[in-house]
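When the letters of the sequence shown are read in order and numbered with this note's numbering, they come out as residues 2 to 297.
Every residue, glycine too, gets a C-beta built ideally from N, C-alpha and C.
A short write-up of the structure that comes next.
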Amino acid sequence: MLELASGFSLVDLYPSSRLLRLISTGLDEAKRCHERLHRFLDQIIEQKRQREATFGDGISEDFLSVLLRIHDEDTEQISLDINSVKSIISDLFSGGSETAATTVEWAMAELMRNPKVMKEAQSEVRELLRGCTSVTDSDLVRLNYLHLVIKETLRLHPPAPLLLPRQCRETCHVLGYDIPKGATVLVNVWALGRDPKYWEDPEEFKPERFATSNVDFRGTDFQFLPFGSGRRMCPGMSFGLANVELALTTLLYHFDWKLPGNVKPEDVDMSEAPGLPVRKKTPLLLHAVRHEPDSV
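Next up, the structure:
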């Protein structure tokens, strides 16, 4: 779905052209993808209904439970039809799962290119989780250096290089340019994260830069906006970050990683492929060696 949405389509450029709509295969593929997604979501909702009917109050309430409860109550203050419920779930997962997987790949690529950073991150994870057989949410809050690694990854490799379009509510003057009221504005997050005006050695992967800085990605520091800012900030930020933290911690805790063949760290290809999210042009290939926690 994300590949179709971020890909090039002549129909998007000329939506009034009936000829293009007839010969384009993208619309048919989008419809099929949309139908498959809705069937999948229908199955999830049906399974949830069956579990609640079987176990009643014996199961804990999750996000889907809240949405279905609001749908069933259908009050004047809040009303959700079933299609709205499915749309919210779809937006949450498409915005938080695919981008999380891409961020983990970029993080692992940067760690392989920077062995000292990899050693520091693995040492912290294995020291704080010594003797554990799995990683839990409560463990993640203690991993300070890992959080720095994730921040630095998001600075260099934001999931979306451009934020969603904004519209000027009034005429303004920015960097010598007059931006008229009503103009559509695109914020280049990728360029902001590599601007030497705000970042020392901007092309270098240095997680330590955030250790002595209060700059965060919550939308208040405008040189670092991987998730946007304001009311249109990414709704899947917390969900996506939790996925990144858990996945990356698990990979570093349970495995040692090696590059295949005679590939050197500096030879890891960091080229980007167009799309949303921005992936590595060449998929990252690594050898995983099982690490036994009890041997730490």
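- For Ala289, the beta-bridge partners assigned by DSSP are Trp258.
- Rounded to whole angstroms, Glu36 and Ile45 show a C-alpha spacing of 14 Å.
- Between Arg280 and Phe206, the C-beta gap is not smaller than 8 Å, which leaves the two residues out of contact.
- In this structure, Val190 lies away from Pro208, with their beta-carbon atoms at least 8 Å apart.
- The three-state secondary structure of Glu273, taken from DSSP, is strand.
- Excluding residues up to 5 positions away in sequence, Pro160, Gly241, Pro278 lie with their Cβ nearer than 7 Å to the Cβ of Thr100 in the same chain.
- If you look at His148, you'll find it in the alpha helix (DSSP H) that goes 145–157.
- By the neighbour-count definition (other C-beta atoms within 10 Å, threshold 16), Tyr254 is a buried residue.
- Under the criterion of beta carbons closer than 8 Å, Leu68 and Val86 qualify as touching, at roughly 5 Å.
- Distance check between Tyr146 and each of Lys117, Lys198, Leu187 places Lys117 closest, using alpha-carbon atoms only.
- By the neighbour-count criterion, in which 16 or more other beta carbons inside 10 Å mark a residue as buried, Ile60 falls on the exposed side.
- Collapsing the DSSP output to three states places Thr104 in a helix.
- Check the Cα spacing between Ser230 and each of Thr104, Arg167, Val142, Ile79: the tightest is with Arg167.
- Beta bridge pairing from DSSP links Cys173 with Ile180.
- Short of 8 Å from the beta carbon of Met109, and not among the five residues preceding or following it, lie these beta carbons of its own chain, in chain order: Leu249, Leu252, Trp258, Leu285, Leu287.
- Counting every other CB atom within 10 Å of its CB across the protein chains shown gives Thr26 a total below 16, marking it as exposed.
- Under a 10 Å Cβ-count criterion, Thr154 is classified as buried, with 16 or more other Cβ atoms of the shown protein chains found around its own Cβ.
- Judged by DSSP secondary structure, Met119 falls within the alpha helix (DSSP H) whose first and last residues are 116–129.
- With a 10 Å radius around the Cβ and a threshold of 16 neighbouring Cβ atoms, Gly237 comes out buried.
- Around the CB of Ala122, 16 or more other CB atoms lie within 10 Å, so the residue is classed as buried.
- Inclusion of Leu23 and Leu11 in the CB contact set at 8 Å is not warranted, their separation being larger than that value.
- In this structure, the straight-line span from the alpha carbon of Thr213 to that of Glu201 is close to 13 Å.
- Under the three-state reduction of DSSP output, Gln48 falls in the helix class.
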